[in-house]
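Participant: Residue numbers (full-length UniProt numbering), protein chains in the order written: chain F, 1 to 409; chain X, 1 to 409. This structure is in structure tokens; I'll ask about it shortly.
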Ligand code: HEM
Ligand code: HEM
């Protein structure tokens, strides 16, 4: 173990108090923490400071939430959506969830899953997390309809959308992250292969993030426009209120929106730096609001200079700000992507953001914010949603339990 | 700086003596080493032990060789091949090389390149390397034909090839690696964008590798079959003799073969572990030869048990072994890939190896070995080359110089 990992991190993305409080309230077995290192997040014991280096950890598969929601961001991620096969009913889905739970428990601990074809690729200390979600199709299965969580729905069409079916929808989701792409692809392969009797792969999205700075300390990270992305994410008690459902079987779980958003880097590059910063309302250098000093400062939306607001009326960070959205928030965990295809025989290279946001209620949180961004966001000039999917993320599970048991059990 | 990086590494992939010897002989300015850390490889001072952690370094852009040949493997890589535009002559190519050299010198040091659109994405300590290569088309430019290096040629068609034009060829290559995909994509974007007046993108291949074990120590790494891949790479004096050209302007440079080789993981999984190991002649658990104890042992091709050779006659490691190939060797630096496309509306996910091999002379080294593998290799059952490209890799450059100057200067 790298001793540097055990030194305190200057800014924790998650308030310890907040998560600790929730763990007490929910009491679902153990905690999503680091195995064989220091605990991260939920714990019964006094929670230590999170580690300085977020690279190279084992996270516990067990806890009040599935790992991959509150755990620190890793470097590499793969999201796979599946279509249920016609024969898969609720009880078959329950069998798949038990199989996946076994896989996840092993792989997150750096152990091969049962029947693993390449057991040596199950490696420890790569910060592997694997999250399972249910798409709308699950609630069309006989008997499950009445369990549809409040506010869980597809995103209505937006003016700026150019959705392609190949990136849309899905009845099931797995979202695997780690600090190593070989480990991610090995875990994904195991999960896809075990799903074969029940569901077929619909789409795969691969993304990456840099969650540390040059010294290895945890930072917010940047998208491919160069913007610091994730700064204003909710923290502390607000984080839980924002993300965690209290609704029936989903209590302690959450809802996830995945939008594949293409970013036109060529036209972005043509804009001046001033215009780029004005479109966001934040500085490119350090992510601080144009009205503030440092990344953590809140926006001052009323501040004016030379007779107009410092943060433009169409600035993304203004329009997305809770004060403009009846205090609606979400937890964003974006991933950068680059993708290479051939169109009419010519190679086309695209870049963008796999926008991922957790919230308790999609209808009440993501959708209204997305509507106001769709109307006026200055960023729309350079960004286009080309894929859209929604998933219910069941609460975590403890040893002996399985993912989705509160719905399917 | 992480103190763990400064502790000695148990097995060095490169013999210090060998590289040190070469530096003395070649004397081309500085050395490809670590800036602000310990030197790696070539140096005038006594060479220290290489670092334990290979993650998170700055490598020097200057040295007898371009970085990315002898530097330790990083986690993420992107290879981009270009077609020269019709108007690009030798002197325009020289201008592009000067621009690229400036970009590379800045980006490898974690500094934005001149005119960088997203300067904050130029990050230090991500082990960035960027290598430039010349395809056959360069030697068709007026005046350059006589400089075609001995043995530099396309790979002849092999029986098992199923080459697709989209992965073939290229007049220029950049090969960028780092421990962070955002840094790689930023650097690639800069280099592609600066090439626009001279060359257009032909193909992009993205790959990944895990060059460390769970404790962070440098290891050989595994391909997606789960095999330890790279064990028998040449070391010490043999490494230089294998890789480095002594031929005219290319002296100190090398030649590179890039083969995109699809690996059928589904049928591989169906084979028993015994059969998988027999097809290679090495163990899956630790990469040791079936006749040996540990990864570093040489194969005993004569050893028999129950009347037949322990290492099968069609085993990949036997057929590729120098003793079977008149002592021909190469330095392999493979990258795993996963790739997702849509065929007839259905998502297709493929996996494989971006096989990359450096050698002094392609005609004399890669081609005969490839021919004997094509004839008899047991691995052929699961592997298919779908892309093929060759590049001359000019020697390194020192401050004030530029990549390719011995050809174009
Ligand atoms: C490619 C598209 C997008 C990019 C590049 C982008 C980028 C950013 C950046 C740089 C920030 C400021 C720093 C931060 O707080 O993270 C931000 C804030 C935010 N964005 Fe986006 N965003 C995109 C799409 C969206 C979408 C689709 C939504 C939701 C519908 C959204 C919701 C938000 C929210 C809620 C905030 C925080 C505002 C605050 O509390 O101050 N973003 N975004
Ligand atoms: C997907 C295709 C391939 C896979 C999975 C693969 C895998 C391996 C593995 C696992 C080894 C043993 C460990 C090591 O020494 O690295 C090896 C050795 C080797 N392979 Fe491959 N290989 C592939 C294609 C090729 C090709 C196309 C060539 C050259 C034409 C090649 C040349 C070699 C050589 C020279 C050795 C070292 C033999 C020795 O010195 O003992 N391989 N390969």
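Even for Gly, the Cβ is constructed at its ideal location relative to N, Cα and C.
Whose C-beta lies closer than 6 angstroms to the C-beta of residue 385 of chain X among residues of the same chain, with five residues either side of it excluded?
Facilitator: Position 385 of the second chain, counted from the start, is the residue given in the question as residue 385 of chain X. 161, 259, 261.
Participant: Could you run through the stretch 369-390 of chain F and flag, in chain order, every residue whose CB is less than 7 angstroms away from some CB of chain X?
Facilitator: The stretch 369-390 of chain F vs chain X, Cβ under 7 angstroms: nothing.
Participant: Grouping DSSP H, G and I as helix and E and B as strand, with all else coil, what is residue 149 of chain X?
Facilitator: Here residue 149 of chain X corresponds to residue number 149 of the second chain, with the count starting at 1. Three-state DSSP puts residue 149 of chain X in coil, outside helix and strand.
Participant: Could you tell me which chain F residues have their CB closer than 9 angstroms to the CB of residue 181 of chain X, listed as they occur along the chain?
Facilitator: Translated into the one-based positions of the second chain, residue 181 of chain X becomes position 181. The answer, in chain order, is 75, 76, 181, 207, 208, 209, 210, 336, 338.
Participant: Does the CB of residue 125 of chain F have a neighbour CB from chain X at under 8 angstroms?
Facilitator: For the purposes of this step, residue 125 of chain F is taken as the residue at position 125 of the first chain. So, interface residue.
Participant: Determine the DSSP secondary structure at residue 165 of chain X, reduced to helix, strand or coil.
Facilitator: Along the second chain, read from residue 1 onward, the residue named residue 165 of chain X stands at position 165. Three-state result, residue 165 of chain X: helix.
Participant: Given a cut-off of 8 angstroms on the beta-carbon distance, is the pair residue 83 of chain F and residue 170 of chain F in contact?
Facilitator: Taking the first residue of the first chain as 1, we reach residue 83 of chain F at position 83. Taking the first residue of the first chain as 1, we reach residue 170 of chain F at position 170. For residue 83 of chain F and residue 170 of chain F, yes; Cβs fall inside 8 angstroms.
Participant: Show which residues of chain F have a CB atom less than 8 angstroms away from the CB atom of residue 332 of chain X.
Facilitator: The count along the second chain starts at 1 and reaches residue 332 of chain X at position 332. Simply none; closest approach about 17 angstroms.
Participant: Taking Cβ-Cβ distances below 8 angstroms as the criterion, which residues of the stretch 259-280 of chain X are in contact with chain F?
Facilitator: So the list reads 265, 268, 269, given in the order they occur along the chain.
Participant: With distance defined between alpha-carbon atoms, name the residue in F:197, F:117, F:323 nearest to residue 95 of chain F.
Facilitator: The count along the first chain starts at 1 and reaches residue 95 of chain F at position 95. When only C-alpha atoms are compared, the closest one is F:197.
Participant: So residue 105 of chain F packs on residue 252 of chain F, CB below 8 angstroms; how close in whole Å?
Facilitator: Start at 1 with the first residue of the first chain, and residue 105 of chain F comes out as number 105. Start at 1 with the first residue of the first chain, and residue 252 of chain F comes out as number 252. With a Cβ gap of about 18 angstroms, residue 105 of chain F and residue 252 of chain F do not count as contacting.
Participant: Between residue 355 of chain X and ligand 2, is the CB less than 7 angstroms from at least one heavy atom?
Facilitator: For the purposes of this step, residue 355 of chain X is identified with residue 355 of the second chain, where counting begins at 1. Yes, the beta carbon of residue 355 of chain X sits closer than 7 angstroms to at least one heavy atom of ligand 2.
Participant: Is the Cβ-Cβ distance between residue 389 of chain X and residue 81 of chain X less than 8 angstroms?
Facilitator: For the purposes of this step, residue 389 of chain X is taken as the residue at position 389 of the second chain. For the purposes of this step, residue 81 of chain X is taken as the residue at position 81 of the second chain. Cβ atoms of residue 389 of chain X and residue 81 of chain X: closer than 8 angstroms.
Participant: Can you pull the chain X residues whose beta carbon is under 8 angstroms from the beta carbon of residue 225 of chain F, in chain order?
Facilitator: Translated into positions along the first chain, residue 225 of chain F becomes position 225. Ordered by position in chain X, the residues that pass the 8 angstroms Cβ test against residue 225 of chain F are 118.
Participant: Cβ of residue 330 of chain F versus every heavy atom of ligand 1: is any distance shorter than 7 angstroms?
Facilitator: Position 330 of the first chain, counting from 1, holds the residue named residue 330 of chain F. Yes - ligand 1 has a heavy atom lying nearer than 7 angstroms to the Cβ of residue 330 of chain F.
Participant: Residue 242 of chain X bridges to which residues according to DSSP?
Facilitator: Indexing the second chain from 1 puts residue 242 of chain X at position 242. Answer is none; residue 242 of chain X lacks a bridge partner.
Participant: Just the C-alpha distance for residue 395 of chain X and residue 67 of chain X, rounded to the nearest angstrom, thanks.
Facilitator: Position 395 of the second chain, counted from the start, is the residue given in the question as residue 395 of chain X. Position 67 of the second chain, counted from the start, is the residue given in the question as residue 67 of chain X. The alpha-carbon atoms of residue 395 of chain X and residue 67 of chain X are separated by roughly 10 angstroms.
Participant: Taking residue 166 of chain X as the reference, which of F:343, F:166, F:154 has the closest Cα?
Facilitator: Numbered from its first residue, the second chain carries residue 166 of chain X at position 166. When each option's Cα is compared against that of residue 166 of chain X, the closest is F:343.
Participant: If the cut is a Cβ gap below 7 angstroms, which residues of chain X does residue 214 of chain F touch?
Facilitator: As a first step, residue 214 of chain F is located in the first chain; it is residue number 214 there, counting from the start. Correct list: 110, 123, 124, 125.
Participant: Can you list the residues of chain X that residue 95 of chain F reaches, using a CB-CB cut of under 9 angstroms?
Facilitator: As a first step, residue 95 of chain F is located in the first chain; it is residue number 95 there, counting from the start. Near residue 95 of chain F there are no residues of chain X at all, since even the closest Cβ is about 21 angstroms away, more than 9 angstroms.
Participant: Straight-line CA distance for residue 117 of chain F to residue 226 of chain X?
Facilitator: The residue labelled residue 117 of chain F in the question sits at position 117 within the first chain. The residue labelled residue 226 of chain X in the question sits at position 226 within the second chain. Near 9 angstroms, if we compare the C-alpha coordinates of residue 226 of chain X and residue 117 of chain F.
Participant: Does the beta-carbon of residue 156 of chain F, which I'm using as the reference point, lie nearer than 7 angstroms to any heavy atom of ligand 1?
Facilitator: Within the first chain, residue 156 of chain F is the residue found at index 156, counting from 1. Checking every heavy atom of ligand 1 against the Cβ of residue 156 of chain F, none is found closer than 7 angstroms.
Participant: Please confirm whether residue 205 of chain F and residue 362 of chain F have their CB atoms less than 8 angstroms apart.
Facilitator: In the first chain, the residue the question calls residue 205 of chain F occupies position 205. In the first chain, the residue the question calls residue 362 of chain F occupies position 362. In this structure, residue 362 of chain F does not lie closer than 8 angstroms to residue 205 of chain F by Cβ.
Participant: Determine which residues share a DSSP beta bridge with residue 340 of chain X and list them.
Facilitator: Taking the first residue of the second chain as position 1, residue 340 of chain X is located at position 340. In the DSSP output, where bridge partners are listed per residue, residue 340 of chain X has X:349.
Participant: Strictly below 9 angstroms CB to CB, what residues from chain B border residue 341 of chain F?
Facilitator: Among the protein chains of the structure shown, namely F and X, there is no chain B.
Participant: Can you tell which of F:223, F:215, F:174 has the C-alpha that lies nearest to the C-alpha of residue 199 of chain F?
Facilitator: On the first chain, position 199 is the one that residue 199 of chain F refers to. Of the listed residues, the one whose Cα sits closest to residue 199 of chain F is F:174.
Participant: Looking at the strands, I want to know which residues DSSP matches up with residue 77 of chain F.
Facilitator: By one-based count along the first chain, residue 77 of chain F stands at place 77. F:177, F:207.
Participant: Give the range of the beta strand (DSSP E) segment to which residue 388 of chain X is assigned.
Facilitator: Reading the second chain from its first residue, position 388 is the one you call residue 388 of chain X. Where residue 388 of chain X is concerned, the enclosing beta strand (DSSP E) stretches over 383-393.
Participant: Could you check the C-alpha separation between residue 387 of chain F and residue 398 of chain X for me, to the nearest Å?
Facilitator: Walking along the first chain from the start, residue 387 of chain F turns up at place 387. Walking along the second chain from the start, residue 398 of chain X turns up at place 398. The alpha-carbon atoms of residue 387 of chain F and residue 398 of chain X are separated by roughly 47 angstroms.
Participant: Tell me residue 447 of chain F's beta-bridge partners as DSSP assigns them.
Facilitator: For residue 447 of chain F there is no data in the structure shown, the boundaries of chain F being 1 and 409.
Participant: Compute the Euclidean distance between the alpha carbons of residue 157 of chain X and residue 382 of chain F, then round it to the nearest angstrom.
Facilitator: As a position in the second chain, residue 157 of chain X is number 157, starting the count at 1. As a position in the first chain, residue 382 of chain F is number 382, starting the count at 1. Cα-Cα distance, rounded: 44 angstroms.
Participant: Between X:328, X:264, X:130, X:176, which has its C-alpha nearest residue 380 of chain X's C-alpha?
Facilitator: Stepping through the second chain from its first residue, residue 380 of chain X is reached at position 380. Nearest of X:328, X:264, X:130, X:176 to residue 380 of chain X, Cα basis: X:264.
Participant: From the DSSP secondary-structure annotation, give me the bridge partner or partners of residue 262 of chain F.
Facilitator: Within the first chain, the letter at position 262 stands for residue 262 of chain F. According to DSSP, which records beta bridges pairwise, residue 262 of chain F is partnered with F:352, F:384.
Participant: Is there a Cβ of chain X sitting closer than 8 angstroms to that of residue 220 of chain F, yes or no?
Facilitator: Position 220 of the first chain holds residue 220 of chain F. No, its Cβ sits nowhere closer than 8 angstroms to a Cβ of chain X.
Participant: Under 8 angstroms, Cβ to Cβ, is there at least one residue of chain F near residue 26 of chain X?
Facilitator: Against the second chain, residue 26 of chain X aligns to sequence position 26. Residue placement at residue 26 of chain X cannot be trusted, given a pLDDT of 27 that sits under 50; what the coordinates show is reported in the next sentence. By this cut-off, residue 26 of chain X is not an interface position.
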